[in-house]
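*Asks:* Dropping the structure in here first, questions after.
Numbering (this note's numbering), first residue to last: 2 to 170.
What follows is the structure, encoded as structure tokens:
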């Protein structure tokens with residue numbers, strides 16, 4: 002019996018020594034404390050406000066033209082004039098919709114351009130923490146949640162503080 006118990010202990014000992022380590026961290030909470038993140042967010046907010054003002058101005062111009070045409074057009078207005086007004090309004094509406102799409106695309110590209118270096122800096126710190134701590138996996142909690150992945154915090158270590166320390170925050 003003692004031999005079997007000793008064999009079991011000797012068999013399981015290497016498994017516990019080489020146990021895989023899993024960790025998780027909060028990318029958003031980490032990145033949001035970087036000065037570059039705060040600057041990027043301020044720049045993006047300013048850009049978004051500029052785009053919104055541009056769209057608001059176009060919308061006001063469209064509404065003013067619609068109001069003007071509504072006052073000028075009546076039963077006595079020739080059909081060709083009505084058609085021209087309708088065409089102008091449609092063109093302005095199409096231009097407004099195109100501007101919305103262009104602004105959304107440009108904003109998304111600006112966001113990607115400004116956030117990519119920040120995200121990369123955080124991921125480099127995560128990689129350094131992973132190497133130093135011999136972690137097999139380190140998962141971002143928001144990414145896990147978005148992909149319906151459950152993180153068991155009982156067996157996964159929160160390394161957010163270690164990542165922040167690597168970044169000097």
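Cβ atoms here follow ideal geometry from the backbone N, Cα and C, with glycine treated the same way.
Report the CB separation of residue 168 from residue 35 in whole angstroms; it is logged as a contact under 8 Å.
*Replies:* That pair is a contact at about 7 Å.
*Asks:* Do residue 26 and residue 137 come within 7 Å of each other at the CB atom, strictly closer than that value?
*Replies:* No, the Cβ-Cβ distance between residue 137 and residue 26 is not below 7 Å.
*Asks:* Given that a residue counts as buried once 16 or more other Cβ atoms are within 10 Å of its Cβ, and exposed if not, what is residue 164?
*Replies:* Answer is buried; the Cβ neighbour count reaches 16.
*Asks:* What three-state label does DSSP hand residue 108 in the structure shown?
*Replies:* Helix, per DSSP.
*Asks:* Pull the bridge partners of residue 115 from the DSSP assignment, please.
*Replies:* Residue 115 pairs with nothing; no bridge assigned.
*Asks:* Where do the ends of the beta strand (DSSP E) carrying residue 164 lie?
*Replies:* Residue 164 -> not in any beta strand (DSSP E); alpha helix (DSSP H) instead, spanning 161–168.
*Asks:* Under 8 Å Cβ to Cβ from residue 93, same chain only, skipping five residues before and after it: list those, please.
*Replies:* Cβ within range, chain order: 59, 62, 63 and 66.
*Asks:* If distances are taken between C-alpha atoms only, which option among 38, 145, 56 and 53 comes closest to residue 113?
*Replies:* Cα-wise, what sits closest to residue 113 is 38.
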